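Visitor: Have a look at this one before I ask anything.
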Amino acid sequence: DTAVSQTPKYLVTQMGNDKSIKCEQNLGHDTMYWYKQDSKKFLKIMFSYNNKELIINETVPNRFSPKSPDKAHLNLHINSLELGDSAVYFCASSRQGYEQYFGPGTRLTVT
Amino acid sequence: AQTVTQSQPEMSVQEAETVTLSCTYDTSENNYYLFWYKQPPSRQMILVIRQEAYKQQNATENRFSVNFQKAAKSFSLKISDSQLGDTAMYFCAFMKYGGSQGNLIFGKGTKLSVKP
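For the protein sequence lines, the chains are A and B, in the order given. The opening residue of the first sequence carries number 17 in the numbering used here; numbering runs sequentially from there. The opening residue of the second sequence carries number 20 in the numbering used here; numbering runs sequentially from there.
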């Protein structure tokens with residue numbers, strides 16, 4: 017009965033590769049998010065998405081793209097991975113305007 | 020733009036004692052939410068407590084309570100009867116009220132260690 021799930025939990029890959037992280041929520045929420053947590057534990061929004069609009073943080077490189085096949089899923093696709101992309105990526109969901117519930121995070125390591 | 024500041028990078032407390040974590044924020048908004056999230060070593064982000072800015076009463080959840088001072092833009096978290104399981108990073112977060120962009124803006128966190 018996991019509320020927000022992410023796969024994989026760990027991802028090790030080489031520079032230049034393309035990878036995806038999947039996120040699913042079973043809470044019936046209408047808005048989903050991706051956050052990046054860097055090596056100093058700082059959390060920053062990357063995207064927020066509901067069935068009406070996608071809002072992108074302007075600092076996110078266009079190598080990152082969210083893809084939502086339906087309201088319960090928001091996957092993160094990353095092209096041409098770079099060393100600096102190494103971080104923990106969190107998916108979250110909420111009813112619009114309410115508190116967010118987070119997935120377990122995906123630790124991405126780019127070598 | 021909104022900012023959230025947590026001025027205590029690390030704190031420690033003895034088991035069963037009380038500790039207060041500080042958070043200040045800057046915003047020109049009048050309606051917003053404030054949250055405290057806990058991140059234990061397991062990495063999971065766990066919602067601890069939330070406060071609506073329009074409510075004067077401070078939120079309480081069991082051993083966790085906040086001191087919300089809207090005019091001072093201060094939102095501290097008090098943990099009573101600290102337990103070993105409270106050891107974690109604690110993040111203060113701000114969210115604008117309403118609209119489609121419900122993004123959380125986080126502080127840099129406070130690492131709390133509860134010692135036996």
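Even glycine gets a Cβ: it sits at the ideal position worked out from N, Cα and C. Keep in mind that this is a model prediction, so the values were computed, not measured.
#1: Could you work out which residues of chain B lie near V104/A, taking near to mean beta carbons separated by less than 9 Å?
#2: Cβ of L96/B within 8 Å of Cβ of Q70/B?
#3: Is any beta-carbon of chain A found at less than 8 Å from that of N77/B?
#4: In terms of alpha-carbon separation, which member of M62/A, H89/A, I71/A and R79/A lies closest to K35/A?
#5: What does DSSP give as the partner residue(s) for P82/A in the beta ladder?
#6: Helix, strand or coil, according to DSSP, for D54/A in the structure here?
#7: Starting from the Cα of T150/A, find the closest Cα among S109/A, S102/A, G121/A and V76/A and give me that residue.
#8: Are at least three pairs of beta-carbons, each pair with one atom in the stretch 48–58 of chain A and one in the stretch 98–113 of chain A, less than 8 Å apart?
#9: Which residues in the same chain have their Cβ closer than 6 Å to the Cβ of K38/A, if we skip the five residues on either side of it in sequence?
#10: Under 6 Å Cβ to Cβ from E106/B, same chain only, skipping five residues before and after it: list those, please.
#11: What residue range is occupied by the uninterrupted beta strand (DSSP E) comprising A103/A?
#12: Can you say whether Q116/A is buried or exposed, counting buried as having 16 or more other CB atoms within 10 angstroms of its CB?
#13: Is the beta carbon of L70/A less than 8 Å from the beta carbon of P82/A?
#14: Assign K74/B to buried or exposed, taking buried as 16 or more other Cβ atoms, counted over all protein chains shown, within 10 Å of its Cβ.
#15: Using a Cβ-Cβ distance cut-off of 8 Å, determine whether G104/B contacts chain A.
#16: Is there a C-beta anywhere in chain A that falls below 8 Å from the one on Y116/B?
#17: Suppose you measure from the CA of S64/A to the CA of A112/B; what does that come to, to the nearest Å?
#18: With a threshold of 8 Å between beta carbons, is Y49/A in contact with chain B?
Guide: Straight from the coordinates:
#1: The sequence position of residue 104/A within the first sequence is 88, counting from 1. R62, listed in chain order.
#2: Here residue 96/B is taken as the residue at index 77 of the second sequence, counted from 1. Here residue 70/B is taken as the residue at index 51 of the second sequence, counted from 1. Cβ atoms of L96/B and Q70/B: not closer than 8 Å.
#3: The residue you call residue 77/B lines up with position 58 of the second sequence. By this cut-off, N77/B is not an interface position.
#4: Taking the first residue of the first sequence as position 1, residue 35/A is located at position 19. Out of M62/A, H89/A, I71/A and R79/A, R79/A has the C-alpha closest to the C-alpha of K35/A.
#5: As a working note, residue 82/A is residue 66 in the first sequence. P82/A pairs with L92/A.
#6: For the purposes of this step, residue 54/A is taken as residue 38 along the first sequence, with counting starting at 1. The answer is coil: DSSP assigns D54/A none of H, G, I, E or B.
#7: Nothing in the structure corresponds to residue 150/A, since chain A is present only between 17 and 127.
#8: yes
#9: Within the first sequence, numbered from 1, the residue matching residue 38/A stands at position 22. Closer than 6 Å at Cβ, skipping near neighbours: T23 and N91.
#10: The count along the second sequence starts at 1 and reaches residue 106/B at position 87. In the sequence on display, residue 106/B carries Thr and not Glu. Only S132 and V133 meet the Cβ criterion.
#11: By 1-based counting over the first sequence, the position of residue 103/A is 87. That run of the beta strand (DSSP E) goes A103 to S110.
#12: As a working note, residue 116/A is residue 100 in the first sequence. With 16 or more other Cβ atoms within 10 Å, it is buried.
#13: Here residue 70/A is taken as the residue at index 54 of the first sequence, counted from 1. Here residue 82/A is taken as the residue at index 66 of the first sequence, counted from 1. Contact flag set, yes.
#14: If you number the second sequence from 1, residue 74/B lands on position 55. Burial call: exposed.
#15: As a first step, residue 104/B is located in the second sequence; it is residue number 85 there, counting from the start. No, G104/B does not count as interfacial toward chain A.
#16: Locating residue 116/B in the second sequence gives position 97, where the first residue counts as 1. Closer than 8 Å to some Cβ of chain A, the Cβ of Y116/B qualifies, so yes.
#17: Residue numbering aside, residue 64/A sits at position 48 when the first sequence is read from its first letter. Residue numbering aside, residue 112/B sits at position 93 when the second sequence is read from its first letter. Computed Cα separation, rounded: 16 Å.
#18: The residue given as residue 49/A occupies position 33 in the first sequence. Yes, Y49/A counts as interfacial toward chain B.
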